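Top line first, the protein sequences correspond to chains W and L. Read in order, the letters of the first sequence are residues 942 to 1054 in my numbering. Read in order, the letters of the second sequence are residues 17 to 126 in my numbering. Glycine residues also receive a C-beta, built at the ideal position from the N, C-alpha and C atoms. All values derive from a computational prediction rather than experimental measurement. Structure first, then comments.
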Amino acid sequence: EAGVTQFPSHSVIEKGQTVTLRCDPISGHDNLYWYRRVMGKEIKFLLHFVKESKQDESGMPNNRFLAERTGGTYSTLKVQPAELEDSGVYFCASSQGRNQPQHFGDGTRLSIL
Amino acid sequence: RKEVEQDPGPFNVPEGATVAFNCTYSNSASQSFFWYRQDCRKEPKLLMSVYSSGNEDGRFTAQLNRASQYISLLIRDSKLSDSATYLCVVNSKGSYIPTFGRGTSLIVHP
């Protein structure tokens, strides 16, 4: 069974540019989560999809972040325009049920210069 | 007070030692508990769920103390490969959003 895959693994962009991160969850997992870890801090929740619906986006920092999951399969997280404080590792995770353990992707390391 | 607190460590132990970590949580309505392991610059990986009655998986034992609001992870016969950061994750009842601790660093040396 393929795990959660994320693309790209690394991204280095300049402040003001746009970046789109992609996450492919484990097949059959309706629940998809985005998280961010800023250096030295704990992993923070960003948002949660059930299929194509956003269940909770209370962790999204601001309206420069846009997440989509059209068709309920893969998800994208777009940052536009990127700011310096957006740097960090963005993890995606998926689970079968809402209260079940989540399986994480390798993460995308995002650096804003 | 943070929702989920862990001693960041590092815990520096020799091979073969037994080591235990605790994780405290502030929300008494918390319902689900997990331990994840994260290696340097890698993704978190589920180590084990924590059940009310306590559970064991090989050298690893997890326990839940609802009265005192903490969970624990015990590692027996530590191996060099156990060196990693151990993350405590808590889900609150009615919320499916997990809260992560900052992790406890374990270093097992020869």
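CA-CA distance, L:Ser94 to W:His1044, rounds to 25 Å. Cβ contact annotation for W:Arg1005 (same chain, cutoff 8 Å, sequence separation greater than five): Val1020, Gln1021, Pro1022, Ala1023, Glu1024 and Asp1027, in chain order.
Within chain W, Asn1040 have C-beta atoms less than 8 Å from the C-beta of L:Asn107, given in sequence order. By the criterion of at least three beta-carbon pairs nearer than 8 Å, the segment 1001-1015 of chain W is not in contact with the segment 18-32 of chain L. In its chain, beyond the 5 residues on either side, Pro1022, Ala1023, Glu1024, Leu1025, Ile1053 and Leu1054 have a beta carbon closer than 8 Å to the beta carbon of W:Lys956.
Per DSSP, the beta-bridge partners of L:Thr40 are L:Glu21 and L:Tyr86. Any Cβ of chain L closer than 8 Å to the Cβ of W:Phe948 would place that residue at the interface, and such an atom is absent. The C-beta distance from L:Gly119 to L:Tyr102 rounds to 6 Å, short enough to fall under 8 Å. For the segment 80-103 of chain L, the residues whose beta carbon sits under 9 Å from a beta carbon of chain W are, in order, Leu103.
By the Cβ neighbour-count rule, W:Pro1042 is buried, with 16 or more other Cβ atoms within 10 Å of its own. Taking the Cα positions, L:Asn81 is about 6 Å away from L:Ile87.
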